[in-house]
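A.B. asks: What follows is a structure written as structure tokens; I'll ask about it next.
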Ligand code: KG4
Ligand code: ZN
């Protein structure tokens, strides 16, 4: 049989509250065209907005509801959805066993299999951690069901690595890091994680520090909730901050900014916001400017800490590249200020930050991280895939 030159990967991302499926076609050797065939995201913002945060069991239910719909859309956009009257030859018992905890998903997926042909997909990339355990399980079981039914391997993907690997995508081109680009410093700032780590080469990681309590995105979400601004907090705080007349009228702490380590702590910031808000409540009612000033100060406080620790690490480890990722990396001011600072203290460092739409969770980042694993021959059997809610970098 002729050896295939390309690999087509379908990826699934359900680690938090976004249901993402992407399909890519890429060369098995580093050279050649990298094609994004589709990248569909179904957001659950409306469901969680009412509660000001993500409820894992509710998010799980929504993933179950969305997955087959998102799959059909992704396959259709990739021109890989073909009807076939003949049913895929599944052993229904095994399929039922794989999705024994996702009964609704079993029903919709069974109906999907009765309508459509096996698509031309070579492997399934799936986020198996870190993330919200019930959410990860739906995605993993869905990936297992597809892998079993289409008889193709699975590639498990670390969500943190996926946030970093999408930095190598420049529009439709994959620009891979070369030996001269290492060591690279990675800053992950999302709703669940705040972490600084070194990448000494592809697959060689050293964690430098992480948050001791709340993640940076969590701080935006929780303080937005205190201010009655809605969910997710990051984009709303950023918008409010833009309109502030005096960005420094309120003074908030910069937790751990002067410590020599690379750890973070954001829960004290949330408490400081709460106290000030309660103290100023009579004014807040009359004065819309208060919320804007507070938003500006929250944003600047988080940015100051992130930028200072990142710049310290970049200098101490003499890095060649800085990669930023995670939902908070979509923040306009953070993007501007981190570039400005690194350009000033280390002008030769290559700075990569994905376009804002690729910073928040999506299937494409999972596909890219899966693609690198596939190239190293890392494919697994569906029975061997496990969820690891606290998966560490290794
Ligand atoms: O990476 P992500 O989509 O999900 C996790 O893996 O957690 O990140 C979501 C987080 C939320 O906390 C959200 O408030 C924050 O990213 N976020 C932002 C912005 N857009 C999203 N934070 C600050 N500024 C933004 N523009
Ligand atoms: Zn994420």
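Numbering (my numbering), first residue to last: 25 to 418.
The beta-carbon is built from N, C-alpha and C at its ideal position, and this holds for glycine as well.
Count the CB pairs spanning the region 214 to 223 and the region 333 to 345 that are closer than 8 Å, and state whether there are at least three.
C.D. replies: Segments in contact, yes.
A.B. asks: Is the Cβ-Cβ distance between residue 106 and residue 140 less than 8 Å?
C.D. replies: In contact: residue 106 and residue 140 (Cβ atoms closer than 8 Å).
A.B. asks: Assuming contact is defined by CB atoms lying nearer than 8 Å, are residue 347 and residue 159 in contact in what I supplied?
C.D. replies: No, they are not a contact pair.
A.B. asks: Which residues have their C-beta within less than 5 Å of a heavy atom of the ligand KG4, listed in chain order?
C.D. replies: That query returns the following residues: 40, 214, 215, 216, 241, 244, 245, 256, 257, 258, 259, 262, 350, 351, 352, 354, 355, 384 and 385.
A.B. asks: Verify whether the separation of the beta carbon atoms of residue 196 and residue 58 is less than 8 Å.
C.D. replies: For residue 196 and residue 58, yes; Cβs fall inside 8 Å.
A.B. asks: When burial is assigned at 16 or more other CB atoms within 10 Å of the CB, is residue 163 buried or exposed?
C.D. replies: Counting Cβ neighbours within 10 Å, residue 163 comes out buried, since at least 16 surround it.
A.B. asks: Compare the C-alpha of residue 305 against each of 288, 269, 252 and 290 and name the closest.
C.D. replies: Closest option to residue 305, Cα to Cα, is 252.
A.B. asks: Ignoring anything shorter than 3 residues or poking outside the region 244 to 276, list the beta strand (DSSP E) runs there in chain order.
C.D. replies: None, since the region 244 to 276 contains no complete beta strand (DSSP E) of that length.
A.B. asks: Quick check on residue 255: buried or exposed, where buried means 16 or more other Cβ atoms within 10 Å of its Cβ?
C.D. replies: Under this definition residue 255 is a buried residue.
A.B. asks: Does the region 312 to 325 come into contact with the region 263 to 283, if we say contact requires no fewer than three beta-carbon pairs (one atom in each stretch) closer than 8 Å?
C.D. replies: A contact exists between the region 312 to 325 and the region 263 to 283.
A.B. asks: Whose C-beta lies closer than 8 Å to the C-beta of residue 136 among residues of the same chain, with five residues either side of it excluded?
C.D. replies: Result list for residue 136: 92, 95 and 96, in chain order.
A.B. asks: Whole beta strand (DSSP E) runs in the region 174 to 210 with 3 or more residues, listed along the chain?
C.D. replies: Segments of the beta strand (DSSP E) lying fully in the region 174 to 210: 178 to 182.
A.B. asks: Given 7 Å as the limit, tell me if residue 87 has its C-beta closer than that to any heavy atom belonging to the ligand ZN.
C.D. replies: False, no ligand heavy atom lies under 7 Å from that Cβ.
A.B. asks: How do the region 293 to 305 and the region 348 to 358 stand: do at least 3 beta-carbon pairs fall below 8 Å, yes or no?
C.D. replies: No, the region 293 to 305 is not in contact with the region 348 to 358.
A.B. asks: Going by other Cβ atoms of all chains shown within 10 Å of its Cβ, with 16 needed for buried, is residue 387 buried or exposed?
C.D. replies: Looking at its Cβ environment, which holds 16 or more other Cβ atoms inside 10 Å, residue 387 is buried.
A.B. asks: Start and end of the alpha helix (DSSP H) containing residue 290?
C.D. replies: Element bounds for residue 290: n/a, residue is neither H nor E.
A.B. asks: Could you give the DSSP three-state label for residue 67: helix, strand or coil?
C.D. replies: In the structure shown, residue 67 sits in a strand (DSSP, three-state: E or B).
A.B. asks: Quick check: what's the CA-CA separation for residue 249 versus residue 173?
C.D. replies: Answer to the nearest angstrom: the Cα atoms are 44 Å apart.
A.B. asks: Roughly how many angstroms lie between the CA atoms of residue 37 and residue 407, to the nearest whole one?
C.D. replies: Residue 37 and residue 407: Cα-Cα distance of roughly 19 Å.
A.B. asks: Compute the distance between the beta-carbons of residue 414 and residue 153, then report whether it is under 8 Å.
C.D. replies: Yes; because the gap between Cβ atoms is below 8 Å, this pair is in contact.
A.B. asks: Using 10 angstroms around the beta-carbon of residue 400, count the other beta-carbons present and answer buried if the total reaches 16, otherwise exposed.
C.D. replies: It counts as exposed.
A.B. asks: Suppose only complete runs of 3+ residues qualify. What are the beta strand (DSSP E) ranges in the region 92 to 165, listed by chain order?
C.D. replies: Those beta strand (DSSP E) runs which fall completely within the region 92 to 165 and span 3+ residues are 147 to 153.
A.B. asks: According to the Cβ coordinates, are residue 73 and residue 41 closer than 8 Å?
C.D. replies: No. Outside cutoff.
A.B. asks: Could you round the C-beta distance between residue 207 and residue 396 to whole angstroms and report it? I think they count as a contact, below 8 Å.
C.D. replies: Wrong, their Cβ atoms sit about 18 Å apart, outside the cutoff.
A.B. asks: The alpha helix (DSSP H) that contains residue 328, what's its start and end?
C.D. replies: Start and end: 313 to 340.
A.B. asks: Taking residue 149 as the reference, give the member of 367, 134, 165 and 138 with the closest Cα.
C.D. replies: The shortest Cα separation from residue 149 among 367, 134, 165 and 138 belongs to 165.
A.B. asks: With a threshold of 7 Å (Cβ to nearest heavy atom), would residue 187 be considered close to the ligand ZN?
C.D. replies: Because some heavy atom of the ligand ZN lies under 7 Å away, the Cβ of residue 187 counts as near it: yes.
A.B. asks: Around the Cβ of residue 189, are there at least 16 other Cβ atoms within 10 angstroms (buried) or fewer (exposed)?
C.D. replies: Buried is the call here.
A.B. asks: How about residue 344 and residue 185: are their beta carbons less than 8 Å apart?
C.D. replies: Taking 8 Å as the Cβ cut-off, residue 344 and residue 185 do not qualify as a contacting pair.
A.B. asks: Quick check on residue 108: buried or exposed, where buried means 16 or more other Cβ atoms within 10 Å of its Cβ?
C.D. replies: Residue 108 comes out exposed.
A.B. asks: Quick one, which of 90, 198, 375 and 324 has its alpha-carbon nearest residue 131's?
C.D. replies: Selected option, being the one with the closest Cα: 90.
A.B. asks: List the residues that DSSP assigns as beta-bridge partners of residue 221.
C.D. replies: According to DSSP, which records beta bridges pairwise, residue 221 is partnered with 210 and 231.
A.B. asks: Could you have a look at residue 49 and say whether DSSP puts it in helix, strand or coil?
C.D. replies: Note: residue 49 maps to strand in three-state DSSP.
A.B. asks: Any idea if residue 75 is buried or exposed, counting beta-carbon neighbours within 10 angstroms, 16 or more meaning buried?
C.D. replies: Exposed.
A.B. asks: Taking just the CA atoms, how far does residue 175 sit from residue 79?
C.D. replies: Cα to Cα, residue 79 sits roughly 34 Å from residue 175.
A.B. asks: CB of residue 72 to nearest heavy atom of the ligand ZN: below 7 Å?
C.D. replies: Checking every heavy atom of the ligand ZN against the Cβ of residue 72, none is found closer than 7 Å.
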